Amino acid sequence: MKVPLLDLKGQYLSLKKEIDEALIRTAESQMFILGPEVEAMEKELCDYLGCKYALGVSSGTDALLLALMALNIGQGDEVIVPTYSFFATAGVVARLNGTPVFTDVDPLTFNMDPKDLQKKITPKTKAIVPVHLYGQSADMGPIMEIAKKHNLYVVEDGAQAIGVQYKDGVKVGNFGNIGCFSFFPSKNLGCFGDGGLVTTNDPELYERLKIMRVHGGKPKYYHKIIGGNFRLDAIQAAVIRVKLPHLDSWSESRRKNADLYTKYFLEVGLAEGVGHLEFNEKNKVLLPKAVYNPGDGSVKNYHIYNQYVLRVEKRNALRKFLQDSGIGIEIYYPVPFHRQECFAYLNAKDEDYPVSNCACNDSFAVPIYPELSPEQIKYVVDKIAEFMKNSDQFPMECKHCDCMKGR
Ligand SMILES: *Cc1c(COP(=O)(O)O)cnc(C)c1O
Numbered sequence: 015m016k017v018p019l020l021d022l023k024g025q026y027l028s029l030k031k032e033i034d035e036a037l038i039r040t041a042e043s044q045m046f047i048l049g050p051e052v053e054a055m056e057k058e059l060c061d062y063l064g065c066k067y068a069l070g071v072s073s074g075t076d077a078l079l080l081a082l083m084a085l086n087i088g089q090g091d092e093v094i095v096p097t098y099s100f101f102a103t104a105g106v107v108a109r110l111n112g113t114p115v116f117t118d119v120d121p122l123t124f125n126m127d128p129k130d131l132q133k134k135i136t137p138k139t140k141a142i143v144p145v146h147l148y149g150q151s152a153d154m155g156p157i158m159e160i161a162k163k164h165n166l167y168v169v170e171d172g173a174q175a176i177g178v179q180y181k182d183g184v185k186v187g188n189f190g191n192i193g194c195f196s197f198f199p200s201k202n203l204g205c206f207g208d209g210g211l212v213t214t215n216d217p218e219l220y221e222r223l224k225i226m227r228v229h230g231g232k233p234k235y236y237h238k239i240i241g242g243n244f245r246l247d248a249i250q251a252a253v254i255r256v257k258l259p260h261l262d263s264w265s266e267s268r269r270k271n272a273d274l275y276t277k278y279f280l281e282v283g284l285a286e287g288v289g290h291l292e293f294n295e296k297n298k299v300l301l302p303k304a305v306y307n308p309g310d311g312s313v314k315n316y317h318i319y320n321q322y323v324l325r326v327e328k329r330n331a332l333r334k335f336l337q338d339s340g341i342g343i344e345i346y347y348p349v350p351f352h353r354q355e356c357f358a359y360l361n362a363k364d365e366d367y368p369v370s371n372c373a374c375n376d377s378f379a380v381p382i383y384p385e386l387s388p389e390q391i392k393y394v395v396d397k398i399a400e401f402m403k404n405s406d407q408f409p410m411e412c413k414h415c416d417c418m419k420g421r
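The sequence shown runs 15 to 421 under our numbering.
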């Protein structure tokens, strides 16, 4: 059996007629950049996210870059980001000559650890960029409290979390000054190329973001400020408009798939339940937990599983075994920011990041996309069980796993 990490064809075929019509409509309009299609998309996304303003931009990375530019981040400014995320989260800070400062992450959610955030604040701190990793919210309650106390900007990296709700049912992107999203094809709401979105509830910031999206010119060719080309193509907006009404049902399917994984892992005896943090005889695979699931249906998209991430002690050997079995898996992320060569100049202390170091060594994502069949999920679990039965022949890989003890 083949189980790819992601299969976008199935989703396209299910909406082919509508998407093809939208593509032809855009071709016939010959209006390729921004314009009415992008404006209509922005309005629909405002309604969906419950925010006042939204602007289509060229990518998730550019959403983050534009957000920090609009907040005037530059030389000498410290911006606090989790050390465990996609590179763009930290890269944009350095590109503006700001100083990325890293926090460790929570072992259960892989998101910014608010206790570590508090420790990393200095008089130079200007902004915090919490990431809603893998499709679940960062702990925005304490993060916003710390931001308010120290008068800091908050830019939410929601690239993997569009539509995700925190404890109180508020959607991510509405907590900080600016929310950033990505329409990269592998995200839950993906377009046919690169694309992204910034959101805000602040009218002044909205004006600045809008002007900076088109080089900072207002009126055109007259520049009080410097922006860039951060425009979204109409074709991408047309595709997003077709897909948006289906987003919640896709997220629901991802949650159902996650529940099936849990059920099968329990059946084969590899785990006792979700959210365990220590490896032992009864928990050879650590399963992800949706921490903001109230269980009574009051919070809907508490987790949208952009990725379904497992942890095992012999990850690299298992990876090879699964790949040889036709199963697509990926390691998000093998190297934390504080260990990246390009950030060596920051002299971050490796021992300050035990949870992230550990996660980089033992975690990996298995397929979770909505169109996955129960048979495919069972196959993945059975293959992992087969590996575990013979795993004695492989040496231990993760040398950091003591970091999970006592948490
Ligand atoms: C994908 C992603 C980005 C960047 O989005 P692009 O559209 O690929 O530029 C930023 N942050 C996180 C957490 C992401 O997953």
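Backbone N, C-alpha and C fix where the C-beta goes; we use that ideal spot for every residue, glycine too.
Treat the numbers as computed from the prediction; the structure is a model and nothing was measured.
Beta-bridge partners assigned by DSSP to M126: V119. Annotation: the continuous alpha helix (DSSP H) that includes I398 extends over P388 to K403.
Under the rule that a run must span 4 or more residues, the alpha helix (DSSP H) segments found entirely inside the stretch 67–118 read 74–84 and 102–109. Ranked by Cα distance from K57, the options T213, V395 and A108 are led by T213. Rounded to whole angstroms, the Cβ separation of H317 and Q89 is 38 angstroms, and the two are not in contact under 8 angstroms.
Along the length of the stretch 298–346, whole beta strand (DSSP E) runs at least 3 residues long occupy 322–325, reported in chain order. At a cut-off of 7 angstroms, the beta-carbon of L59 does not count as near ligand 1: no heavy atom of the ligand is closer than that.
DSSP places D366 in the helix class (H, G or I) of the three-state scheme. Contact between L78 and A141 is absent: CB atoms are separated by about 11 angstroms, not below the 8 angstroms threshold.
The Cβ atoms of P137 and E170 do not sit closer than 8 angstroms to each other. In the same chain as V256, and ignoring 5 residues on each side of it, the C-beta atoms closer than 8 angstroms to its own belong to L29, E32, I33 and A36, in chain order. Burial check for Q174: the Cβ neighbour count within 10 Å reaches 16 or more, so the residue is buried. The Cβ atoms of V394 and P381 lie closer than 8 angstroms to each other. Set against 7 angstroms, the gap from the CB of L301 to the closest heavy atom of ligand 1 is not smaller. In the three-state reduction of the DSSP assignment, Y180 falls in the coil class, being assigned neither a helical nor a strand state. DSSP places T139 within a strand segment (E or B) once states are collapsed to three. Assignment of G210 by DSSP, reduced to helix, strand and coil, places it in the strand class. Around the beta carbon of Y167, a 10 Å sphere encloses 16 or more other beta carbons of the protein chains shown; the residue is thus reported as buried. Scanning F116, F351, I341 and N125 for the CA closest to the CA of K133 turns up F116.
Spanning the alpha carbons of Y26 and Y319 requires a straight line of approximately 20 angstroms. A straight line joining the alpha-carbon of P308 with that of K181 spans about 8 angstroms. Relative to ligand 1, the beta carbon of K296 is positioned no closer than 7 angstroms to any heavy atom.
Sorting D406, M402, L386 and F401 by C-alpha distance to the C-alpha of K16 places L386 at the top. Per the C-alpha coordinates, the member of F351, N404 and I391 positioned closest to A104 is F351.
Counting C-beta pairs with one atom in each stretch, the stretch 244–258 and the stretch 368–376 have fewer than three that are closer than 8 angstroms, which means they do not touch. For Y148, DSSP records no beta bridge to any residue. For E411 against N330, the beta-carbon gap comes to about 6 angstroms, under 8 angstroms, which counts as contact. Annotation: the continuous beta strand (DSSP E) that includes Y167 extends over Y167 to D171.
Excluding five sequence positions before and after P156, the CB atoms of its chain that fall closer than 6 angstroms to its own CB belong to P128, given in chain order.
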